[in-house]
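Student: Please read through the structure below; I'll follow up with questions.
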Amino acid sequence: MFETKKILILGAGLMQKPAILGAKHLGYKAVVVDANKNAVAVPLADEFYPVDLKDREALLELAGKLNKKGELKGVFTAGTDFSASVSYVAEKLGLPAHAFEAALNASDKARMRACFEKSGVPSPKFSEIDSSSFENVKKSLESGETELPKVVKPCDNMGGRGCRLVRNNDEFQKAVSTAIKNSRTGRAIFEDYMEGAEFSIDSVVYNGTLTITGFADRHIFYPPYFIEMGHSLPSRVDSKIKNELIATFALGIKALGLTCGVAKADIKYTKNGPMIGEIAARLSGGYMSGWTFPYSSGMNLTEEAMKIALGQEPDYLLSNRVSLPWQPHESVKGKEQPFELYEISSTLVSAERAWLSIPGKVSKIYGLDEVKQIYGVRDLLPRVKEGDKVDFPRNNVEKCGNIIAVGINSEQAYKSAEEAVSSITLRLEPKNPETEKFLKGECESDEKGFPPSAFTFCPNEVTSQSVGEGTKIPAGQKTIDYLPETLIPLADSLKDWNHCTLRKTLEKFDEICPDHAELDGKIFWSAILRGGIQGALYVADNINK
């Protein structure tokens, strides 16, 4: 009799799509749970149940029913906050996974930091803060006992939600309130800011070995927030620094107690060496584990990780990995090597890049078809559509979309991804107060300098407020022909947040808006420098309205 084999997958979003497809490819039925019945990957599930991923008892009840029938072979997630829910269910049912306590260590940033501190693993000094301790921390800031800058982040959330830099006392109250609001337990951590290059690392922990399955450069911008505008894989960091980062990562995994499954890190290389931002007991989100690493290496990481959750050997991983040296930084030199180290090598380069918008409401989107024709582009992943409200992102779920490109080298992959992003234009509805506020350069008292302008340059080169003053661009004339003299030398070197040069911005405008009305030079050029192509189109559309 044919045996029905099922795997319980937590999450039905885009980040879980590779897991659902991987389960099917391995010959298992994908039983998918998510609180959102309309999640994008629900139609791919063999069975779907609307269960809140925080509700461990409800998940256990469902898994228990499947287990009684002898059908459930494993529990899995990727790109969610709920690795502890996976471990809870798996541990109760005797299925392979990290221990529940270890998964909790990797899910709660305060517990995580405490584990690192106890084991002497480099990570920022921190304190836990909630509504009851808020005033005490505030007083220590005002007295000078606590020095800034600091980073505040929820203890139990991902995607950068509620995470920001606190640069002065005026920013403290709102920043902490937002972090606590974004925590399921009403708690945040307040920690030292780490200065240095940042990296993402994916790995598989199996039978006393640690295999690196993706090592990427992260591209983080726009303080006081930490917006990831993309990642590049493999990293271009030199091998010594890479090995030091991996050694610290391995010690962090050991400190948390992770032994059976996957682990991912956000980690920086500071003036004092590697320091761990966080380690999670899951595969990464952000299109790394399910997209850029498989493209780069040729290995389906999701399936290899899923094999472990199913009690199988990750045979492809074991057959194709290469040994890495134990090369710790001076800060952890005396510590015992916790795992045998390996890596799956990359033969191609993957580049993921995001695009974003100024505040407003989308009226039309241009360039999506053009992007699909660009050499090297593998995925076009828009997050917004016409009619959606948009804002300059304060976290990593507020971006407008992502491009993934692949090349034989970094130059080729980066160029394809950035050309693709620069080809996309979001036109905004006119007469919008939020767009007006942005173009005027207004910002909140606790967000000085944010959002930034599209085109930034040295103040000695040109002052944006004076550009085009007293000039007009005649109706229907190409704006590129009226580029102010002060901007001509910068036309091909200045790029906005979507990798679009000033020259390409004007060429876009002239193509999209050939019949524009007469434009006031000062207003038009100010709008371009502040808001890029969106600012230019907004000014023209307001005149037409």
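In terms of the UniProt record's numbering, the sequence shown has 475 at position 475, counting the first letter as 1, and numbering is strictly consecutive. We treat Cβ as the ideally placed atom computed from N, Cα and C, and that holds for glycine. Nothing here was measured: the structure is a model prediction, and the numbers come from that model.
Does the Cβ of Leu381 have 16 or more other Cβ atoms within 10 Å, making it buried, or fewer, making it exposed?
Tutor: exposed
Student: Quick check on Lys68: buried or exposed, where buried means 16 or more other Cβ atoms within 10 Å of its Cβ?
Tutor: Exposed.
Student: Could you tell me whether the Cβ of Gly196 comes closer than 9 Å to any Cβ of chain B?
Tutor: The structure shown contains no chain B, having only a single protein chain.
Student: Go ahead and label His499 buried or exposed: buried means 16 or more other beta carbons lie within 10 angstroms of its beta carbon, across all protein chains shown.
Tutor: buried
Student: Do Met306 and Gly74 have their CB atoms nearer than 9 Å?
Tutor: yes
Student: Identify whether Glu469 lies in helix, strand or coil by the three-state DSSP scheme.
Tutor: coil
Student: According to DSSP, simplified to helix, strand and coil, what is Ser323?
Tutor: strand
Student: Quickly, what does DSSP pair Arg427 with across the bridge? List them, please.
Tutor: Lys364
Student: Should Tyr375 go down as buried or exposed, given a rule of 16 or more other Cβ atoms within 10 Å for buried?
Tutor: exposed
Student: Once DSSP output is grouped into helix, strand and coil, what is the label at Val397?
Tutor: coil
Student: Decide if Asn105 is buried, meaning its Cβ has at least 16 other Cβ atoms within 10 Å, or exposed.
Tutor: buried
Student: Give the single residue among Ile267, Phe134, Ile9 whose Cα lies nearest to the Cα of Pro124.
Tutor: Of Ile267, Phe134, Ile9, the residue nearest in Cα terms is Ile267.
Student: Pick from Thr80, Glu71, Leu62, Ser331: whose alpha carbon is nearest that of Val89?
Tutor: Put simply, of Thr80, Glu71, Leu62, Ser331 the residue whose alpha carbon is nearest the alpha carbon of Val89 is Leu62.
Student: Using only the alpha-carbon positions, how far apart do Lys240 and Cys400 sit?
Tutor: 36 Å
Student: Three-state secondary structure (DSSP) at Ser350?
Tutor: In the three-state DSSP reduction, Ser350 falls in the strand class (E or B).
Student: Is there contact here, the segment 103-119 with the segment 30-42, by at least three beta-carbon pairs under 8 Å?
Tutor: no
Student: In this structure, what does DSSP give as the bridge partners for Gly261?
Tutor: Per the DSSP secondary-structure output, Gly261 pairs in a beta bridge with Val205.
Student: The alpha helix (DSSP H) with Asp170 in it runs from where to where?
Tutor: Segment 169-181, the alpha helix (DSSP H) holding Asp170.
Student: To which residues does DSSP link Ser297 through a beta bridge?
Tutor: Partner(s): none; Ser297 has no beta bridge.
Student: In the segment 60-129, which residue ranges form an unbroken beta strand (DSSP E) of at least 3 residues, counting only runs that do not cross its ends?
Tutor: 72-77
Student: Do you know how far the Cα of Gly144 is from the Cα of Ser107?
Tutor: 32 Å
Student: Less than 9 Å between the beta carbons of Gly311 and Leu439, yes or no?
Tutor: no
Student: Do Ser331 and Asn272 have their C-beta atoms closer together than 9 Å?
Tutor: A contact, by the Cβ cut-off of 9 Å.
Student: DSSP puts Ser232 in a beta bridge; with which residues?
Tutor: Asp217, Ala351
Student: Identify which residue in Arg111, Ala41, Ala263 has its Cα closest to the Cα of His98.
Tutor: With distances taken between Cα atoms, His98 lies closest to Ala263.
Student: Three-state secondary structure (DSSP) at Val237?
Tutor: coil
Student: Figure out for me which residue from Asp217, Lys372, Pro149, Lys138 has the closest Cα to the Cα of Tyr225.
Tutor: Nearest C-alpha to Tyr225 among Asp217, Lys372, Pro149, Lys138: Pro149.
Student: Between the C-alpha atoms of Pro430 and Ile212, what's the straight-line distance to the nearest angstrom?
Tutor: 49 Å
Student: Let me check understanding here. Comparing Cα to Cα, which of Val205, Leu44, Ser85, Leu21 lies closest to Val51?
Tutor: Ser85
Student: Which whole-angstrom value describes the C-beta separation of Tyr269 and Leu245, a residue pair presumed to lie in contact below a C-beta threshold of 8 Å?
Tutor: 6 Å
Student: What distance in whole Å lies between the Cβ atoms of Ala78 and Ala19, which are believed to be in contact at a cut-off of 8 Å?
Tutor: Confirmed, Cβ separation roughly 5 Å.
Student: Take the Cβ of Gln16 as the centre, count every other Cβ of all protein chains shown within 10 Å, and call the residue buried at 16 or more, exposed below.
Tutor: buried
Student: Give a yes or no on contact between the segment 397-413 and the segment 349-359, applying the rule of three or more CB pairs nearer than 8 Å.
Tutor: Taking 8 Å as the limit for Cβ pairs, the verdict is that the segment 349-359 does touch the segment 397-413.
Student: Report, in whole angstroms, the separation of the C-beta atoms of Pro393 and Ile227, which I expect to be a contact under 8 Å.
Tutor: 5 Å
Student: Whose C-beta lies closer than 7 Å to the C-beta of Ala475 among residues of the same chain, with five residues either side of it excluded?
Tutor: Once the five neighbours on either side are set aside, the close Cβ partners of Ala475 are His516, Ala517, Glu518.
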